[in-house]
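Undergrad: If you're matching positions, the sequence shown starts at 748 in the numbering used here and goes up one per residue.
C-beta atoms are modelled at their ideal positions from N, C-alpha and C, and glycine is treated no differently.
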Amino acid sequence: MPPARTTSTSRTDGDRPAGLWEGDLAGPCLRAHGEYRWALDVAHTHSGFLYTAPLKTKSEALDSLLVGVVASRTAGTAVDRIRLDLGGGFTPLRLEPALARLGVAVEWV
């Protein structure tokens with residue numbers, strides 16, 4: 748699997764909580780890059796730090812999200828809450844306990 752990409756841009760928006768992330772699972776896409784048909788995109792609302800991971804299947808989303816949380820914290824970016832939709836890429840029964848072990852709350856929208 749190709750490595751996940753991260754980017755960071757400076758932002759001075761004081762209205763956005765420092766530890767809030769928003770994410771979504773995009774796809775299915777054409778197989779432009781091998782067998783990767785999905786993309787996990789998670790953005791830090793305060794700093795603009797973006798974590799993007801290519802996925803072969805939707806079932807890889809949870810593990811990639813957990814890797815993203817650890818990578819973000821390693822880069823010095825706070826991760827307290829993640830806001831996601833219930834579009835089928837994530838299931839609360841698996842996701843919430845996994846993130847709770849890392850001290851991250853989930854907001855469903």
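Just mark Thr838 as buried or exposed, buried being the case when its beta carbon has 16 or more other beta carbons within 10 Å.
TA: It is exposed - the Cβ of Thr838 has fewer than 16 other Cβ atoms within 10 Å.
Undergrad: Using a Cβ-Cβ cutoff of less than 7 Å, which residues in the same chain neighbour Gly836 once the five nearest sequence positions on both sides are dropped?
TA: Around Gly836: Leu772, Lys805, Ala808.
Undergrad: Are the beta-carbon atoms belonging to Val851 and Val817 less than 8 Å from one another?
TA: Going by C-beta atoms, Val851 is not nearer than 8 Å to Val817.
Undergrad: Is it the case that the Cβ atoms of Gly766 and Arg830 are separated by a distance below 8 Å?
TA: No, Cβ-Cβ distance for Gly766 and Arg830 is not below 8 Å.
Undergrad: Which class does Ile775 belong to by DSSP, given the choice of helix, strand or coil?
TA: Note that residue 775 is Pro in the sequence shown here, rather than Ile. Three-state result, Pro775: coil.
Undergrad: What's the call for Pro801, buried or exposed, on a 16-neighbour Cβ count within 10 Å?
TA: By the 10 Å Cβ count, Pro801 comes out buried.
Undergrad: Hey, would you say Val853 sits closer than 8 Å to Leu840, going by beta carbons?
TA: No. Outside cutoff.
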